[in-house]
DNA sequence: TATTGTTATACTCTATAACTATA
DNA sequence: TATAGTTATAGAGTATAACAATA
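Residue numbers (the working numbering), protein chains in the order written: chain A, 92 to 234; chain B, 92 to 234.
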C-alpha cells in the first residue's frame, strides 16, 4: 500500500533547484563568473582530460556548445588552446594565470555560497541529501 | 568540530537538477509541453490568481517574460486573456478547453516521470528529501 | 502619479548541420 | 573514411527599458 501520494518530488526539486541555481549564478556573477564557466574550470582543474569532447561530456553539453564557451573564455584570457603535436586534431585546453585567479575567485564564492546553503544542516543530513540526489539521478540515467 | 568537508552540496544539487530538469523537459516535450508552460498551467489550475504579476511571481519570472509565454500559449489556443471589467488594467487569464486537455496530458507525463524518479525511494525517504530541499531553499530566500 | 501589462530589443545557454583539418 | 573541433545559424528562456492604457 503506497499510502497518501506526496506532492511530486520532480516539481519540488525543480523549484528548489531553480531558486538555488539562480542564487548561485548571481554569486558567481559577483566575481565575474557564470555557471558554465565554473563547470568548465572545475573540470579542467580536477580531471586531466584528453579531448574537448571528453570535457563536454563531463559537463553535459555538446562539443559545439563547449567551443562557444571556450571562445569567450579565451577572449577573456582565462584559457589557452594549443594543438597537440602528436595529434593535431586535438586541442589541449590550459588555464592561464588569469584563469587560475578566476578559478580561485569562483571557488571562494562557491564555498561561501555552499556554507550559506547548508546552514543548519548536519554533516549527516547533507550526506543523506547527497545520497538521495544520487538515487534520483540514477533513476533518470539508468533507464 | 565540523568534521571532514563533504563535496559542495550546491554543485551536487546543480548537477542532479540539470540532469533531472532536462529529462523532465524531454518528457513534457513528448506531449507538446515545456517546463515554463507546465509551471504556468499548474499555477492557473491550483491558485486562483488575480493579476499576471502574481502569476509571474509564483513562477519566479518577470512580468515581461510571462507575457512572452502567454502570447505563445494564446497563439496555441491554450489560454484566453480578458480584461477585468472592474479594473481594465488587469488581464484575467483562463484556460481554454484545449488548455485543459494540454494540462491533463502534461500532468500525466509529469506523474509518469515522477514515478520513475522516485523508484526505490520509500515515502519516508521522499518526504525527507522534500524537507531537506525546503531547508536549502529557506537558506537562500531567507537571507 | 502609480499600477498593469505589452512591446522592442538583447543576452545567455543550448542545439543541429555543414564544414575544415587531420588522421 | 573517421575523428576532433569550429563555424554558421537558430531556438528557447530570460531580462531590462520604454511605452500605453487605466486608475
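No residue lacks a Cβ here, since even glycine has one placed at the ideal position from N, Cα and C.
Since the model is a prediction, treat every value here as computed from it, not as a measurement.
If you measure from the beta carbon of residue 210 (chain A) to each beta carbon in chain B, is any gap under 8 Å? Looking up residue 210 (chain A) in the first chain gives position 119. Chain B contact via Cβ: present.
I'd like to know whether the C-beta of residue 107 (chain B) is nearer than 8 Å to at least one C-beta of chain A. Sequence index remark: in the second chain, residue 107 (chain B) carries index 16 (1-based). It does; some Cβ of chain A falls within 8 Å.
Same chain only: Cβ atoms within 8 Å of residue 130 (chain A), ignoring 5 sequence neighbours per side: As a first step, residue 130 (chain A) must be located in the first chain, where it is residue number 39. Here the set comprises 150.
Under the rule that 16 or more other beta-carbon atoms within 10 Å means buried, what is residue 217 (chain B), buried or exposed? Position 126 of the second chain holds residue 217 (chain B). Buried, since its Cβ has 16 or more Cβ neighbours within 10 Å.
What three-state label does DSSP hand residue 122 (chain B) in the structure shown? As a working mapping, residue 122 (chain B) is identified with position 31 in the second chain. Of the three classes helix, strand and coil, the one that applies to residue 122 (chain B) here is coil, per DSSP.
Assign residue 232 (chain B) to one of two classes, buried (16 or more other C-beta atoms within 10 Å of its C-beta) or exposed (fewer than that). Against the second chain, residue 232 (chain B) aligns to sequence position 141. Flag for residue 232 (chain B) reads exposed.
Spatial neighbours of residue 209 (chain A) within its chain, please: CB distance less than 7 Å, with the 5 preceding and 5 following residues excluded, ordered by chain position. Stepping through the first chain from its first residue, residue 209 (chain A) is reached at position 118. Correct list, in chain order: 217.
Between the beta-carbon of residue 171 (chain A) and the beta-carbon of residue 165 (chain A), is there less than 8 Å? Taking the first residue of the first chain as 1, we reach residue 171 (chain A) at position 80. Taking the first residue of the first chain as 1, we reach residue 165 (chain A) at position 74. Contact flag set, yes.
Contact between the stretch 132-149 of chain A and the stretch 185-204 of chain A: three or more CB pairs below 8 Å? yes
Any chain A beta carbon closer than 8 Å to residue 207 (chain B): Numbered from 1 along the second chain, position 116 holds the residue referred to as residue 207 (chain B). Taking Cβ atoms only, chain A reaches closer than 8 Å to residue 207 (chain B), which makes this a yes.
Just the Cα atoms here: how many angstroms apart are residue 52 (chain A) and residue 157 (chain A)? The structure shown does not extend to residue 52 (chain A), since chain A spans only 92 to 234, so no value can be given for it.
Contact criterion: CB-CB distance below 8 Å. Does residue 160 (chain A) meet it with respect to chain B? Counting from one through the first chain, the residue named residue 160 (chain A) turns up at place 69. Not an interface residue.
Residue 128 (chain A) at chain B interface by Cβ criterion, 8 Å: Position 37 of the first chain, counted from the start, is the residue given in the question as residue 128 (chain A). Not closer than 8 Å to any Cβ of chain B, the Cβ of residue 128 (chain A) fails to qualify, so no.
Taking only beta-carbon atoms, is residue 121 (chain B) less than 8 Å away from chain A? Your numbering for residue 121 (chain B) matches position 30 in the second chain. By this cut-off, residue 121 (chain B) is not an interface position.
Whole-angstrom distance between residue 180 (chain A) and residue 141 (chain A), CA atom to CA atom: Here residue 141 (chain A) refers to the residue found at position 50 when the first chain is read from its first residue. Here residue 180 (chain A) refers to the residue found at position 89 when the first chain is read from its first residue. Distance between the alpha carbons of residue 141 (chain A) and residue 180 (chain A) is about 12 Å.
Which ranges would you report for the beta strand (DSSP E) in the stretch 125-211 of chain B if only whole runs of at least 3 residues count? 170-175 and 178-186
In angstroms, rounded to a whole number, what distance separates the CA positions of residue 132 (chain B) and residue 153 (chain B)? Here the question's residue 132 (chain B) lines up with position 41 in the second chain. Here the question's residue 153 (chain B) lines up with position 62 in the second chain. Approximately 16 Å between the Cα atoms of the pair.
Would you say residue 220 (chain A) lies against chain B (beta-carbon separation less than 8 Å)? If you number the first chain from 1, residue 220 (chain A) lands on position 129. Yes, residue 220 (chain A) counts as interfacial toward chain B.
Integer-rounded CB distance, given that residue 204 (chain A) should sit under 8 Å from residue 112 (chain A): Residue mapping note: residue 112 (chain A) aligns to position 21 of the first chain, counting from 1. Residue mapping note: residue 204 (chain A) aligns to position 113 of the first chain, counting from 1. That belief does not hold up - the Cβ atoms of residue 112 (chain A) and residue 204 (chain A) are roughly 11 Å apart, past 8 Å.
Counting contacts by CB-CB distance shorter than 8 Å, is residue 132 (chain B) in contact with chain A? Numbered from its first residue, the second chain carries residue 132 (chain B) at position 41. No - not a single Cβ of chain A is within 8 Å of the one on residue 132 (chain B).
Among A:110, A:103, A:114 and A:161, nearest to residue 127 (chain A) - alpha-carbon criterion: Within the first chain, the letter at position 36 stands for residue 127 (chain A). Nearest C-alpha to residue 127 (chain A): A:161.
Alpha carbon of residue 148 (chain B) to alpha carbon of residue 194 (chain B), nearest angstrom: Walking along the second chain from the start, residue 148 (chain B) turns up at place 57. Walking along the second chain from the start, residue 194 (chain B) turns up at place 103. Cα to Cα, the separation comes out at about 20 Å.
Buried or exposed for residue 99 (chain A), going by 16 or more other Cβ atoms inside 10 Å? Position 8 of the first chain, counted from the first residue, corresponds to residue 99 (chain A). With 16 or more other Cβ atoms within 10 Å, it is buried.
Note down, in chain order, every chain A residue with its Cβ under 7 Å from the Cβ of residue 199 (chain B). Here the question's residue 199 (chain B) lines up with position 108 in the second chain. Going along chain A, no residue has its Cβ under 7 Å from residue 199 (chain B), so there is no contact; the nearest lies around 12 Å.
My understanding is that residue 182 (chain B) touches residue 143 (chain B), with C-beta atoms under 8 Å, so please give their C-beta distance in whole angstroms. For the purposes of this step, residue 182 (chain B) is taken as the residue at position 91 of the second chain. For the purposes of this step, residue 143 (chain B) is taken as the residue at position 52 of the second chain. Going by Cβ atoms, the distance from residue 182 (chain B) to residue 143 (chain B) rounds to 6 Å, so yes, they are a contact pair.
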